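Colleague: Please find one structure pasted underneath; my questions will follow.
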Amino acid sequence: MNSPQHRSLLTKREREIFQLLILDYTTKEISQKLNISEKTVRNHISNTIQKLGVSSRSQALIELLRLDELSLH
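In the UniProt record's numbering, the protein residues as written are 1 to 73.
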């Protein structure tokens, strides 16, 4: 888990969704894989975009990589 000095910006679910976005999964594929609705996937993405103060999924991915919140496997 994260060390006490580094509290993640993302919830566990947001992290799962963005890791799948990095792997080029679609919203529909993510919803099926995680057994949640497409609307819920979009809500998690939207919440993350707002948290980061960016305006798109791609900007959010770049920022999360820059902040070491996500990694390219």
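Here a beta-carbon is modelled for each residue, glycine too, at the ideal position from N, C-alpha and C.
Here the structure is a predicted model, which is why all the values come from computation and not from measurement.
Write down every uninterrupted run of the alpha helix (DSSP H) in the UniProt domain "HTH luxR-type" (3 to 68) whose length is 4 residues or greater and which is fully enclosed by it, in chain order.
Modeller: Complete alpha helix (DSSP H) runs here, min 4: 12 to 22, 27 to 34, 38 to 52, 57 to 66.
Colleague: From ARG42 to GLU14, what does the alpha carbon distance come to, in whole angstroms?
Modeller: One C-alpha to the other measures close to 10 Å.
Colleague: Can you tell which of GLU69, LYS39, ILE17, HIS44 has its C-alpha closest to the C-alpha of LYS33?
Modeller: For LYS33, the nearest C-alpha among the options comes from ILE17.
Colleague: Given GLU55, which residues of its chain have a CB within under 8 Å of its CB, disregarding the five upstream and five downstream residues?
Modeller: Correcting the residue identity first, residue 55 is Ser in this sequence and not Glu. Same-chain partners within the cutoff: ILE49.
Colleague: Could you check how far apart the C-beta atoms of GLU63 and LEU72 are, in whole angstroms? I think they sit under 8 Å.
Modeller: Going by Cβ atoms, the distance from GLU63 to LEU72 rounds to 14 Å, so no, they are not a contact pair.
Colleague: Can you tell me whether LEU21 is buried or exposed, with buried defined as 16 or more other CB within 10 angstroms of its CB?
Modeller: LEU21 comes out buried.
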